[in-house]
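Presented below is the structure to which this report refers.
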Amino acid sequence: MQTGGEFWGTDVRHFNGGLFDDGAALAITQGDADQLLQAATLDWAEVEPAIFGTLFEQSLDAATRSKRGAHYTAVTDILRVTDPVVMTPLRREWAAVKVQAEALAGKRGGKRAALEALQAFHARLGEVTVLDPACGSGNFLVVTLGQLLDLEHEVRLLAFELGAGPFDLPPRVHPRQLRGIEIEPFAHELASVSVWIAYFQWKSAHGGEWDTPVLQRLPQIRHGDALLTGTEGEGGETTYAETVWPDAEFIVGNPPFLGEKKQGPRLGLPYVTALRTTYHGRVAASSDLVCYWFEKARALIETGVTRRAGLISTNSINMLGNRAALERILASGAIFRAWPNLPWLQDGAAVRVAAVCFDDGQEQERFLGQLVAEGTPQEQAVLTPVAAIHANLSAGPDVTRAVRLPENAGLSFQGVKLAGDFDVTGEVARAWLALPNPGGVDNADVLRPLLNGDDLMDVRGDTWVIDFASRTEVEAAQYLVPFAHVVEHVKPVRATNKRDVYRLKWWIHAEPRPAMRRALAPLPRYLGTSIVAKHRAFVWCDARDLASGRLVVVASDQDWMHGVLNSRIHVLWAQRAGSTHGKANDLTYTSTTCFETFPFPEWTPATQEAVAEAARFVEKAREGLRTQGFTLTGMYNALAAVDGTSSPAYTLKLAHDRLDQAVAAAYGWDWPLGEDDVLARLLALNLERTGHTS
């Protein structure tokens with residue numbers, strides 16, 4: 001097989017062109033041999049090359065898979081990228097050439113010119129280069145190769161119809177046009193094998209000839225790190241430099257997703273330090289690992305090396321910590337197609353991803369994709385034409401331009417972060433409330449009910465928290481039993497924390513939010529919302545309740561604030577200014593992007609009281625549903641399904657209608673308005689108040 005020739009009276013093709021130069025034999029058992037022989041009796045001619053992606057992923061141990069962010073990409077998702085990035089421009093070129101060739105062929109003596117036009121485009125197809133800079137086992141390359149071969153087949157068929165001979169347009173599209181980078185050695189080998197299998201299968205189905213040698217090394221599919229190339233010095237230290245990607249007309253792929261906080265533990269601090277140093281000024285240190293691939297692809301487009309790119313990423317690519325990568329793309333080009341929120345299965349867990357296709361701004365047809373009736377038999381993929389796609393992967397008014405308003409500062413906060421076992425059951429807390437302390441202090445000073453998202457949106461739990469606030473260690477120690485609990489359960493864990501303030505002030509919550517406490521101190525109640533929720537709703541919280549880090553709170557006890565925040569006008573803003581999270585595709589709410597940028601009405605006493613009155617009625621409608629056993633999530637599920645006066649949430653619908661009308665009137669707007677109209681008006685108000693141009 002190394003050279004081709006006769007073996008025991010049988011002609012053997014020249015198979016190996018270097019792909020399997022390593023002639024080492026595998027150490028196999030008798031059982032292994034039996035299974036191999038059995039497998040060899042099967043017909044593997046039609047094996048799906050994409051199966052090797054699954055084999056690769058399952059062959060990695062969990063730690064390696066998690067470290068590298070390795071994951072298999074389904075063909076449906078691959079096509080969401082390769083179709084618009086690679087095939088759309090090529091098919092446009094082909095459509096123009098086809099029209100030209102057919103027009104020429106219809107003229108006297110024009111077939112020669114028609115054939116030359118086809119030959120020129122055919123040669124062009126043979127020069128197309130496609131790079132997957134995190135190619136895994138090669139699924140993106142396999143799919144793209146098949147699409148290029150199909151297009152070449154169309155070209156050759158038309159040429160033959162116009163009288164071309166078999167040597168006028170010999171096959172040109174070949175695996176050597178594919179480029180890849182892959183860090184895992186096994187996946188790197190599988191990528192070449194998968195590409196060759198796909199190529200042979202296509203050839204076999206279309207009557208193509210075998211290459212000689214049958215299998216060739218594909219040096220363009222490289223084994224290595226796509227971001228940093230390390231060189232080991234004489235003393236064993238490693239120095240890093242940015243990896244140079246091979247030139248390619250198109251870039252596609254599914255790079256690894258790895259959040260900022262996981263990068264150090266999984267990739268090693270020296271590597272992560274070098275990564276952030278090397279890409280400083282281009283990729284923010286807070287970015288997900290996938291953002292580095294976006295930036296490198298963007299830079300190659302900006303310099304003219306690459307024409308278009310399309311990458312699949314975590315759907316958090318449009319959130320603040322990562323969005324800068326997309327903002328840089330928009331500064332030097334444009335996003336022409338995006339699927340902001342697609343279902344995904346990774347390590348058996350359902351997550352959400354985004355597919356983003358971008359170029360230098362030449363593409364004028366731009367589409368946002370979404371799955372309608374997702375997860376049902378009626379599911380449909382729908383592409384909606386849009387004028388522009390923004391950095392948050394939305395269309396319409398670009399709320400990412402909104403600026404934080406000074407008048408909203410100091411009103412909204414994320415709740416406390418504990419970082420330790422400060423919480424206890426309500427039963428334990430109530431028992432501790434009765435316990436005495438030598439100094440006469442009351443345990444009620446440091447025991448509070450703890451609120452999280454489920455407490456607001458679903459069933460209120462009974463969890464309390466030990467809260468020493470800003471007390472010194474000596475002051476905290478006066479509360480004997482709560483302090484003893486923290487000494488036993490929190491101090492040992494905090495003692496290993498790398499952050500000095502967490503380690504040294506172990507009896508205090510990691511993030512006690514002193515600014516929030518000062519803002520809430522004079523209030524008998526405040527407003528809270530779950531950061532992640534299916535429905536955006538604000539509810540009243542008692543001053544004694546301590547909000548956890550899963551809540552955003554607003555330091556106001558005014559009904560008009562309740563009304564504005566629960567109005568459709570604010571909810572629309574929060575939906576567009578926020579993002580989605582997790583397998584349930586729930587909405588997220590943050591102080592900085594959703595609250596601090598939101599322009600409130602310019603009040604008159606009359607409009608403020610009208611909104612307050614409508615807000616009080618919304619609260620009454622909610623309370624009525626609570627008495628029927630509805631949770632907040634349940635009542636807003638019912639509100640979304642209201643179909644008449646008999647619906648249990650019909651009164652809540654009327655209450656929200658009244659509230660929306662009152663809030664719109666406070667802005668001086670006629671109601672109802674469409675979503676884009678509301679957002680455009682709010683954005684204009686935001687920019688006007690901050691002195692920015694609209």
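Using full-length UniProt numbering, the first residue of the sequence shown is number 1, and each one after it goes up by one.
Built from N, CA and C at the ideal position, the CB exists for glycine as well.
Helix, strand or coil at residue i according to DSSP, with G and I counted as helix
i: residue 295; result: helix
i: residue 550; result: coil
i: residue 69; result: For residue 69, the pLDDT reaches just 46, beneath the cut-off of 50, and the residue's location in the model is therefore unreliable, although a value from the coordinates is still provided. It is coil, neither helix nor strand.
i: residue 290; result: helix
i: residue 600; result: coil
i: residue 452; result: coil
i: residue 472; result: coil
i: residue 121; result: helix
i: residue 662; result: helix
i: residue 359; result: strand
i: residue 215; result: strand
i: residue 232; result: strand
i: residue 1; result: coil
i: residue 16; result: strand
i: residue 636; result: helix
i: residue 690; result: coil
i: residue 333; result: coil
i: residue 678; result: helix
i: residue 6; result: strand
Residue i beta carbon near the ligand ZN (any heavy atom closer than 7 Å)
i: residue 246; result: Summarising the ligand content, the structure contains no ligands, and the ligand ZN is consequently not present.
Supposed close pair residue i, residue j - CB separation, criterion 8 Å
i: residue 441; j: residue 478; result: 5 Å
i: residue 546; j: residue 448; result: 4 Å
i: residue 114; j: residue 96; result: So it is not a contact: roughly 13 Å between Cβ atoms.
i: residue 341; j: residue 331; result: Incorrect: roughly 24 Å between the Cβ atoms, too far for contact.
i: residue 520; j: residue 678; result: With 8 Å as the limit, residue 520 and residue 678 do not qualify as a contact, their Cβ atoms being about 30 Å apart.
i: residue 666; j: residue 607; result: 4 Å
Residue i classed as buried or exposed, judged by whether at least 16 other C-beta atoms fall within 10 angstroms
i: residue 544; result: exposed
i: residue 601; result: buried
i: residue 575; result: buried
i: residue 569; result: buried
i: residue 593; result: buried
i: residue 265; result: exposed
i: residue 560; result: buried
i: residue 204; result: exposed
i: residue 470; result: exposed
i: residue 306; result: buried
i: residue 23; result: exposed
i: residue 435; result: exposed
i: residue 68; result: At residue 68, the pLDDT of 47 sits below 50, so the modelled position is not reliable and the matter cannot be decided from this model.
i: residue 293; result: buried
i: residue 7; result: exposed
i: residue 459; result: exposed
i: residue 65; result: Because the pLDDT of residue 65 is 49, which lies under 50, any placement of that residue in the model is unreliable, and the question is left without a value.
i: residue 192; result: buried
Reference residue i, options the options, closest by Cα
i: residue 245; options: 129, 144, 204; result: 129
i: residue 419; options: 466, 379, 377, 383; result: 466
i: residue 367; options: 191, 398, 335, 10; result: 335
i: residue 280; options: 324, 307, 250; result: 324
i: residue 17; options: 216, 180, 90; result: 216
i: residue 555; options: 579, 537, 518, 577; result: 518
i: residue 657; options: 646, 566, 341; result: 566
i: residue 359; options: 295, 453, 340; result: 295
i: residue 177; options: 234, 250, 594; result: 250
i: residue 123; options: 143, 460, 90; result: 90
i: residue 174; options: 157, 184, 202, 181; result: 202
i: residue 315; options: 339, 191, 214, 612; result: 339
i: residue 422; options: 254, 377, 485; result: 485
i: residue 364; options: 356, 383, 344, 388; result: 388
i: residue 313; options: 78, 107, 616; result: 78
i: residue 133; options: 179, 146, 112; result: 179
Bridge partners - residue i, DSSP secondary structure assignment
i: residue 423; result: 465
i: residue 447; result: 466
i: residue 252; result: 310
i: residue 414; result: 552
i: residue 131; result: 179, 251
i: residue 541; result: 526
i: residue 496; result: DSSP lists no partner for residue 496.
i: residue 282; result: Per DSSP, none; premise fails for residue 282.
Closer than 8 Å to chain B by CB, residue i
i: residue 474; result: Annotation note: the requested chain B is absent from the structure, which comprises a single protein chain.
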